[in-house]
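**Q** For what it's worth, the working numbering labels the leading residue of the sequence shown as 38, then goes sequentially.
Each residue gets a CB set at the ideal place from its N, CA and C atoms; glycine is no exception.
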Amino acid sequence: MAMVVSAVVAFSSCNKDNGNDTGIPTGDGDPTITWESNPNFETQEITATGMDVKISVAAPAGISSFVVTIDSDALEGILQTNTIDFINPSGSTAGIVSMIVGADVTVKGATELNLDLSSLIPMILMATNEDSNHTFKLDVTDASGKTVSATAKFHRSAAEIPTTSQAE
38 MAMVVSAVVA FSSCNKDNGN DTGIPTGDGD PTITWESNPN FETQEITATG MDVKISVAAP
98 AGISSFVVTI DSDALEGILQ TNTIDFINPS GSTAGIVSMI VGADVTVKGA TELNLDLSSL
158 IPMILMATNE DSNHTFKLDV TDASGKTVSA TAKFHRSAAE IPTTSQAE
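Shown next, in the form of structure tokens:
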């Protein structure tokens with residue numbers, strides 16, 4: 038479950054370093070991170086079904102660094118880390134990276150990566166039943182030194198627990 042939950046964590050929104058929050062490239066060949074169903078990368082309420090979390094990373098010069106930083110108390114406790122390096126994953130995160138990008142995909146040098154976390158995001162619902170925020174910052178650098186950062190923000194509403202009068 039920890040691997041599935043961490044995959045949930047990994048990707049979901051975009052902010053260019055230059056303040057462009059739409060994922061629109063600022064020049065020819067710039068790396069980009071896009072979320073087609075959420076082009077403005079607004080905070081998403083986590084739901085059990087129907088979430089479209091398909092993230093695309095493009096780096097025409099080739100990816101040289103790809104790190105995801107997790108800010109989620111519930112998930113950090115399960116994962117025992119708050120950072121996943123997609124180029125040089127640690128032993129504990131290698132399986133997560135393989136699951137997210139595919140076992141046969143090499144991240145270093147890739148010019149495009151497609152990530153589909155739609156079926157995994159609801160796993161955060163299983164990690165906590167408290168009102169909570171889950172933020173995942175993606176940092177990508179290409180071979181020419183250009184960078185793009187994306188911040189995926191999710192909100193988990195507290196599970197309603199019926200009072201005695203409501204249960205009757």
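CA-CA distance, residue 128 and residue 79?
**A** Along the sequence shown, one-based indexing puts residue 128 at 91. Along the sequence shown, one-based indexing puts residue 79 at 42. Near 33 Å, if we compare the C-alpha coordinates of residue 79 and residue 128.
**Q** Look at the alpha carbon of residue 99 and the alpha carbon of residue 141, and state the distance between them as a whole number of angstroms.
**A** What you label residue 99 is simply residue 62 of the sequence shown in a count that begins at 1. What you label residue 141 is simply residue 104 of the sequence shown in a count that begins at 1. Cα to Cα, the separation comes out at about 17 Å.
**Q** Using 10 angstroms around the beta-carbon of residue 75, count the other beta-carbons present and answer buried if the total reaches 16, otherwise exposed.
**A** Stepping through the sequence shown from its first residue, residue 75 is reached at position 38. It counts as buried.
**Q** Quick check: what's the CA-CA separation for residue 61 versus residue 70?
**A** Residue 61 sits at position 24 when you count from the first residue of the sequence shown. Residue 70 sits at position 33 when you count from the first residue of the sequence shown. Here the model assigns residue 61 a pLDDT of 45, short of 50, so the residue's position is not dependable and the matter cannot be decided.
**Q** Taking the alpha-carbon positions, what's the residue 58 to residue 177 distance?
**A** In the sequence shown, counting from the first residue as 1, residue 58 sits at position 21. In the sequence shown, counting from the first residue as 1, residue 177 sits at position 140. Confidence in residue 58 is poor, its pLDDT being 43 and thus under 50, which makes the residue's placement unreliable; the coordinate value appears in the next sentence. Using only the alpha carbons, I get a separation of about 15 Å.
**Q** I need the straight-line Cα distance from residue 88 to residue 174, nearest angstrom please.
**A** Walking along the sequence shown from the start, residue 88 turns up at place 51. Walking along the sequence shown from the start, residue 174 turns up at place 137. Taking the straight line joining both Cα atoms gives about 19 Å.
**Q** For residue 113, name the three-state secondary structure that DSSP assigns.
**A** Residue 113 sits at position 76 when you count from the first residue of the sequence shown. Residue 113: helix per DSSP, three-state reduction.
**Q** Using CA atoms only, rank isn't needed, just tell me which of 112, 106, 72 is closest to residue 163.
**A** By 1-based counting over the sequence shown, the position of residue 163 is 126. The shortest C-alpha separation from residue 163 is found at 112.
**Q** Would DSSP call residue 61 helix, strand or coil?
**A** Numbered from 1 along the sequence shown, position 24 holds the residue referred to as residue 61. Any answer about residue 61 is weak, because its pLDDT of 45 lies below 50 and its placement is not dependable; what the coordinates show is given next. Three-state DSSP puts residue 61 in coil, outside helix and strand.
**Q** Give me, in chain order, the residues of the same chain whose beta-carbon lies closer than 6 Å to that of residue 204; leave out the 5 immediate sequence neighbours on both sides.
**A** Within the sequence shown, numbered from 1, the residue matching residue 204 stands at position 167. Confidence in residue 204 is poor, its pLDDT being 44 and thus under 50, which makes the residue's placement unreliable; the coordinate value appears in the next sentence. Closer than 6 Å at Cβ, skipping near neighbours: no residue.
**Q** Assuming residue 162 is part of the alpha helix (DSSP H), what are its boundary residues?
**A** In the sequence shown, the residue the question calls residue 162 occupies position 125. 160-164 is the extent of the alpha helix (DSSP H) around residue 162.
**Q** Near residue 145, which residues of its chain fall below 6 Å by C-beta distance, leaving aside the five closest residues on each side in sequence?
**A** In the sequence shown, counting from the first residue as 1, residue 145 sits at position 108. 124.
**Q** If you draw a straight line from the C-alpha of residue 91 to the C-alpha of residue 147, how long is it?
**A** The sequence position of residue 91 within the sequence shown is 54, counting from 1. The sequence position of residue 147 within the sequence shown is 110, counting from 1. Going by the C-alpha atoms only, they are around 18 Å apart.
**Q** For the segment 104-156, list the alpha helix (DSSP H) runs that are entirely contained and at least 4 residues long, ordered along the chain.
**A** Those alpha helix (DSSP H) runs which fall completely within the segment 104-156 and span 4+ residues are 110-116, 131-138.
**Q** Return the chain-ordered list of same chain residues with a C-beta closer than 6 Å to the C-beta of residue 95, the five sequence neighbours on each side being excluded.
**A** Against the sequence shown, residue 95 aligns to sequence position 58. Excluding residues within five positions, the ones whose Cβ falls inside 6 Å are 69, 149.
**Q** Provide the residue span of the beta strand (DSSP E) that contains residue 95, from first to last.
**A** Counting from one through the sequence shown, the residue named residue 95 turns up at place 58. It spans 91-95 - the beta strand (DSSP E) in which residue 95 sits, taken as one unbroken run.
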